[in-house]
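Visitor: Residue numbering for the sequence shown follows my numbering, starting at 856 and increasing by one per position.
Quick reminder that beta carbons are idealized off the backbone N, C-alpha and C, glycines included.
It should be emphasised that the depicted structure is a prediction, and the values quoted were computed from it without experimental measurement.
Can you read through this structure? Questions will come right after.
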Amino acid sequence: MPIHFNDLDVVSEVAGLSSALIVPCNMCPAVTVAVREKKPFIQFFRSFLKSVPFDLYLKALQSRLSENGVKTKVFKSIPYHQWFMCMWTSRKRKKLQKCAEQYDAVIVLGCESATETVRDVVKSDDCKVVEGMKVSGIMNAELGFHLPANVSFKNCKTVPISQQKNKEDVSG
Ligand code: SF4
């Protein structure tokens, strides 16, 4: 099952910068937001290959950043095989590299592996890589298909990752 996340405060991380490219992984973060909002992850007839809750989340993030003087663009990954940032093709990575050159920061919405995908191509000190989400565990849920063609998750639990658990045990 997908990784589950909590949001991080990206607005303060990019304060003082004028532009940021938002690079979302469209799988685990999108499932996280759909589960949090208690909405279907995908409604094929309404929005084919787009998760509406995650799309609204991205728009809200863009407007918060805009209010704070940061212009943004979302780096899109529409086809299904591009949803998983941990498995992007070299072509997609090169595309990100070219696009990121025009921004002061890249905001990654995904896990450490998604951030690694970005760090592999964004090497310039002029472009700050900012993590927009923090892993809170792995999701355990029941996948449901509902008419007309909705994909949802129910009875969701977040299971801590064993490393996290060990750290908590040590610090506790
Ligand atoms: S990059 Fe991370 S967040 Fe995205 S699909 Fe892979 S494991 Fe999930």
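Looking at the strands, I want to know which residues DSSP matches up with SER1007.
Guide: GLY999
Visitor: Going by alpha carbons, who is nearest to GLY965 out of ASP980, VAL985 and ASN923?
Guide: Residue VAL985 is the option with its Cα nearest to GLY965.
Visitor: Examine the Cβ distances between the segment 909-928 and the segment 869-883 and report whether three or more of them are shorter than 8 Å.
Guide: yes
Visitor: For LYS893, which residues does DSSP report across the bridge?
Guide: Among the bridge pairs identified by DSSP, LYS893 is matched with none.
Visitor: Would you say GLU868 lies against chain C (beta-carbon separation less than 8 Å)?
Guide: No chain C is part of this structure, which consists of one protein chain only.
Visitor: Do VAL907 and CYS1011 have their C-beta atoms within less than 8 Å of each other?
Guide: no
Visitor: Would LEU951 pass as a contact of VAL866 if the rule is Cβ separation under 8 Å?
Guide: no
Visitor: Rounded to a whole number of angstroms, what is the C-alpha to C-alpha distance between LYS953 and ALA996?
Guide: 38 Å
Visitor: With three or more C-beta pairs closer than 8 Å as the rule, is the segment 965-978 touching the segment 940-951?
Guide: yes
Visitor: Are there any heavy atoms of the ligand SF4 lying less than 7 Å away from the beta-carbon of CYS880, as far as the coordinates show?
Guide: yes
Visitor: So what's ALA870 in DSSP terms, helix, strand or just coil?
Guide: coil
Visitor: Enumerate, from N- to C-terminal direction, the unbroken alpha helix (DSSP H) stretches of 4 or more residues contained entirely within the segment 887-957.
Guide: 899-902, 907-922 and 945-955
Visitor: Do you know offhand how far ASP910's Cα is from ASN1005's?
Guide: 16 Å
Visitor: Just the C-alpha distance for PRO1035 and ALA885, rounded to the nearest angstrom, thanks.
Guide: Only positions 856 to 1027 of the chain appear in this structure, which leaves residue 1035 out of reach.
Visitor: Given a threshold of 16 other Cβ atoms within 10 Å of its Cβ, counted over all protein chains shown, does ASN881 qualify as buried or as exposed?
Guide: buried
Visitor: Tell me whether the beta-carbon of MET988 lies closer than 8 Å to the beta-carbon of ASP862.
Guide: yes
Visitor: Check SER991 in the structure and name its three-state DSSP category.
Guide: strand
Visitor: Just checking my contact of ARG948 with ASP975 at CB under 8 Å: how many whole Å lie between their CB atoms?
Guide: 7 Å
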